[in-house]
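Report on the structure given below.
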Amino acid sequence: VGLKPNRGRTSFAPTHGDKWGGFTHSGIVSRSIRDTAYMYDNIFGFEVGDPYGVHYEKGNLIKALEKKDKLKIGYNLDTRIPVEISQEARDAVLFNAKLCEDLGHEVEEASLNYDGLLLSRAFVIIICGHVTQMFNELKEIVGRKYKKNEVENATRMFDYLGKIFSASDYTWARYITQKIGRSVMEQTNKYDVMIMPIISQPPANISDIRPKKSAELMNEIIMTLHLGGLFNIKSFRETILNGLAPQSLWYAPDAMVQNAT
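Start counting the sequence shown at 472; every next residue gets the next number (this note's numbering).
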């Protein structure tokens, strides 16, 4: 079971305030929801100096395990990125929706309306900035810059673009992700739970979820020919990032909106 806590629930102290602008959080993978509840009951909380935190009353998750309340549950079968959701992924959502309904919960289909490509462009800019910062930190630790053969193509591309995008690009991206995140939360606020196809395909084998070869080739061309400056041209940036989104996010297109909410 992998239940991701939202921002402010766990602390990155003492090394960081947050990571990836609040997109990523520390959590666990366990064998059951009960195991997860007991672990989070012990690690939820914030430390002095954290930029933000959510108050947690110890024991609340344990008490929630015993509740038998009827929940209102929404499910969604689509993604706002131009990626095909496999029948297996759709069936998994429907199976779990039916299971919840059989357990006595109120279940209905819920559509989400947001600009997936706009969110993906903003998402990439934020990730690029934080990947560059990650490598800056690693350089201080190991005393040198990474070698090309030590880092995957897509990660090197994120680092490369992290040095190209400006501060105003980053603040724009933060604005967009927060705006879309708020909109999605407002659309789903009436539900206690949302069931979505976070992965678009059946569970992958090792190496199966690498970016498409065409995306890796484009990355190498841009980095080798030092074409990063073209990303300062809005029309070029939007065209390239819109094209890369389905190739880079094809396996987990909705993980992005989960990070933004």
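Even for Gly, the Cβ is constructed at its ideal location relative to N, Cα and C.
Rounding to the nearest angstrom, what Cα-Cα distance links LYS529 and ALA508 in this structure? Counting from one through the sequence shown, the residue named residue 529 turns up at place 58. Counting from one through the sequence shown, the residue named residue 508 turns up at place 37. Going by the C-alpha atoms only, they are around 11 angstroms apart.
Take LEU565 as the anchor and find which of GLU579, ASP679, THR495, THR550 has the nearest alpha-carbon. Translated into positions along the sequence shown, residue 565 becomes position 94. Among GLU579, ASP679, THR495, THR550, the Cα nearest to that of LEU565 belongs to GLU579.
When DSSP labels each residue in this structure, what does TYR631 get in the three-state scheme? Reading the sequence shown from its first residue, position 160 is the one you call residue 631. DSSP, read as helix, strand or coil, puts TYR631 in helix.
Answer yes or no: the CB of ASN676 versus the heavy atoms of the ligand GTP, is any distance below 6 angstroms? Of ligands this structure carries none, so the ligand GTP is not represented either.
Rounding to the nearest angstrom, what Cα-Cα distance links MET665 and LYS616 in this structure? Along the sequence shown, read from residue 1 onward, the residue named residue 665 stands at position 194. Along the sequence shown, read from residue 1 onward, the residue named residue 616 stands at position 145. Roughly 42 angstroms between the two C-alpha positions.
ILE533 versus LEU474: straight-line alpha-carbon distance, rounded: Here the question's residue 533 lines up with position 62 in the sequence shown. Here the question's residue 474 lines up with position 3 in the sequence shown. Taking the straight line joining both Cα atoms gives about 15 angstroms.
Applying the 10 Å Cβ sphere with the 16-neighbour rule, what's the burial state of ILE680? Within the sequence shown, numbered from 1, the residue matching residue 680 stands at position 209. Flag for ILE680 reads exposed.
Looking at the structure shown, is TYR641 part of a helix, part of a strand, or coil, going by DSSP? Within the sequence shown, the letter at position 170 stands for residue 641. Of the three classes helix, strand and coil, the one that applies to TYR641 here is helix, per DSSP.
Quick one: which unbroken alpha helix (DSSP H) runs of 4-plus residues sit fully inside the region 653-707? Chain order, please. Within the region 653-707, the complete alpha helix (DSSP H) runs of at least 4 residues are 684-695.
Out of curiosity, what's the CA-to-CA distance linking ASN477 and HIS496? By one-based count along the sequence shown, residue 477 stands at place 6. By one-based count along the sequence shown, residue 496 stands at place 25. Taking the Cα positions, ASN477 is about 7 angstroms away from HIS496.
Between ARG480 and VAL525, which are expected to be in contact by the criterion C-beta below 8 angstroms, what is the C-beta distance as a whole number of angstroms? Locating residue 480 in the sequence shown gives position 9, counting from the first residue. Locating residue 525 in the sequence shown gives position 54, counting from the first residue. That belief holds up - the Cβ atoms of ARG480 and VAL525 are roughly 6 angstroms apart, short of 8 angstroms.
Going by beta carbon distance, what residues of the same chain come within less than 7 angstroms of MET727, once the five residues before and after it are set aside? In the sequence shown, residue 727 corresponds to position 256, counting from 1. Scanning its chain for C-beta atoms nearer than 7 angstroms, with the 5 sequence neighbours on each side dropped, one finds around MET727 the residues LEU590, SER591, PHE594, LEU720, in chain order.
Rounded to whole angstroms, what's the CA-CA distance from VAL655 to ASP663? Just pull it up for me. What you label residue 655 is simply residue 184 of the sequence shown in a count that begins at 1. What you label residue 663 is simply residue 192 of the sequence shown in a count that begins at 1. When rounded, the separation of the alpha-carbon atoms in VAL655 and ASP663 is 14 angstroms.
Would you identify the three-state DSSP class for LYS619, choosing helix, strand or coil? Here residue 619 refers to the residue found at position 148 of the sequence shown. In the three-state DSSP reduction, LYS619 falls in the helix class (H, G or I).
Over what stretch of residues does the alpha helix (DSSP H) that includes LYS529 continue unbroken? To locate residue 529, count along the sequence shown from 1; it is residue 58. DSSP places LYS529 outside any alpha helix (DSSP H), giving it a letter other than H or E.
For GLN729 and ALA686, which I take to be in contact (beta-carbon distance under 8 angstroms), what is that distance rounded to the nearest angstrom? Counted from its first residue, the sequence shown places residue 729 at position 258. Counted from its first residue, the sequence shown places residue 686 at position 215. The C-beta distance from GLN729 to ALA686 rounds to 22 angstroms, too long to meet the 8 angstroms contact threshold.
Which stretch, first to last residue, makes up the beta strand (DSSP E) that contains LYS543? Taking the sequence shown and counting its residues from 1, the one referred to as residue 543 is at position 72. Start and end: 543-546.
How do the region 633-646 and the region 597-605 stand: do at least 3 beta-carbon pairs fall below 8 angstroms, yes or no? Three or more Cβ pairs drawn from the region 633-646 and the region 597-605 lie within less than 8 angstroms of each other, which places the two stretches in contact.
If we count the other Cβ atoms within 10 Å of its Cβ and call it buried at 16 or more, is SER671 buried or exposed? As a first step, residue 671 is located in the sequence shown; it is residue number 200 there, counting from the start. Answer is buried; the Cβ neighbour count reaches 16.
With H, G and I counted as helix, E and B as strand and the rest as coil, what does DSSP make of THR495? As a position in the sequence shown, residue 495 is number 24, starting the count at 1. Residue state for THR495 is assigned as strand, using DSSP reduced to three classes.
From this set, LEU715, GLN604, LEU696, HIS697, which residue's C-alpha is nearest LYS684's C-alpha? Here the question's residue 684 lines up with position 213 in the sequence shown. Considering only alpha carbons, the answer is LEU715.
Indicate whether LEU536 and ARG505 have their beta-carbon atoms separated by less than 7 angstroms. Position 65 of the sequence shown, counting from 1, holds the residue named residue 536. Position 34 of the sequence shown, counting from 1, holds the residue named residue 505. Yes, they are a contact pair.
Anticipated Cβ contact below 8 angstroms, THR648 with ALA581, distance rounded: By one-based count along the sequence shown, residue 648 stands at place 177. By one-based count along the sequence shown, residue 581 stands at place 110. The pair is not a contact, with the Cβ atoms about 21 angstroms apart (cut-off 8 angstroms).
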